[in-house]
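Heads up: the sequence shown is residues 9 to 153, going by the numbering used here.
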Amino acid sequence: MTRRILLVNGPNLNLLGTREPEVYGTATLDDVVALTATAAAEAGYELRAVQSNHEGVLIDAIHAARADCAAIVINPGGLTHTSVALRDALTGVALPFAEVHISDVYAREEFRHHSYLHDVAAIRVIGEGVAGYADAVRRLAALIP
Ligand code: CA2
């Protein structure tokens with residue numbers, strides 16, 4: 009089994025640390041990648057990280073992971089609540105994945121309560137701030153060989 013995990017961050021997560029600190033905290037996307045890479049290394053995995061504001065770029069990265077990744081950690085951003093295509097990509101590659109949300113989506117607007125990934129994610133980490141990415145890596149690593 010490949011000792012690599014793919015980290016996917018969706019639309020607008022490049023803005024982390026620049027706005028809405030009361031919702032998303034003060035860590036930047038670079039901080040998120042670094043803390044997730046550290047958690048992956050501690051579990052014996054390399055990390056590949058991608059962030060895009062374009063759904064097709066995310067889908068291509070998920071497809072590519074089939075060749076050389078053991079699992080995926082994904083915060084799909086707003087696509088969580090809208091994208092059948094992202095769900096199909098994740099189920100299509102058949103890699104175990106963790107769905108991460110920095111904020112507690114269930115304490116926010118009703119439209120954030122539905123996730124197209126909720127029933128196919130191996131793990132869901134919601135409302136733990138950016139520490140949730142590290143938690144997701146640790147819990148995924150415990151599931152995979
Ligand atoms: O809580 C999360 O991690 C979300 O996946 C973040 C998404 C939101 O649409 C989901 O409902 C919950 C939004 C990401 C936008 O991130 C920003 C960060 C800083 C400033 C503005 C946006």
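The beta-carbon is built from N, C-alpha and C at its ideal position, and this holds for glycine as well.
Keep in mind that this is a model prediction, so the values were computed, not measured.
- DSSP lists V108 as the bridge partner or partners of V133.
- Ranked by Cα distance from V65, the first of V16, E136, A130, R146 is V16.
- With a cutoff of 7 Å, L23 counts as near the ligand CA2, since its C-beta is closer than that to a heavy atom of the ligand.
- For V16, the enclosing beta strand (DSSP E) starts and ends at 12-17.
- Rounded to whole angstroms, the separation of the alpha carbons of D96 and R132 is 17 Å.
- The shortest C-alpha to C-alpha distance from G25 to any of I110, P84, D68 is the one to I110.
- Distances from the CA of P19 to each of Y53, H62, Y124 were compared; the closest alpha carbon is that of H62.
- For E54, the uninterrupted beta strand (DSSP E) segment begins and ends at 54-59.
- When rounded, the separation of the alpha-carbon atoms in A45 and L151 is 18 Å.
- A distance below 8 Å separates the beta carbons of L148 and P104.
- Membership of V101 in the alpha helix (DSSP H) is indicated by the continuous run 92-101.
- In this structure, the beta-carbon distance from V138 to A57 does not fall below 8 Å.
- If one requires a minimum length of 4 residues, the alpha helix (DSSP H) runs lying completely within the region 27-54 are 29-32, 37-50, in chain order.
- DSSP places V128 in no alpha helix (DSSP H); its state is neither H nor E.
- Here R120 is actually not in contact with H71; their C-beta atoms are around 27 Å apart, not less than 8 Å.
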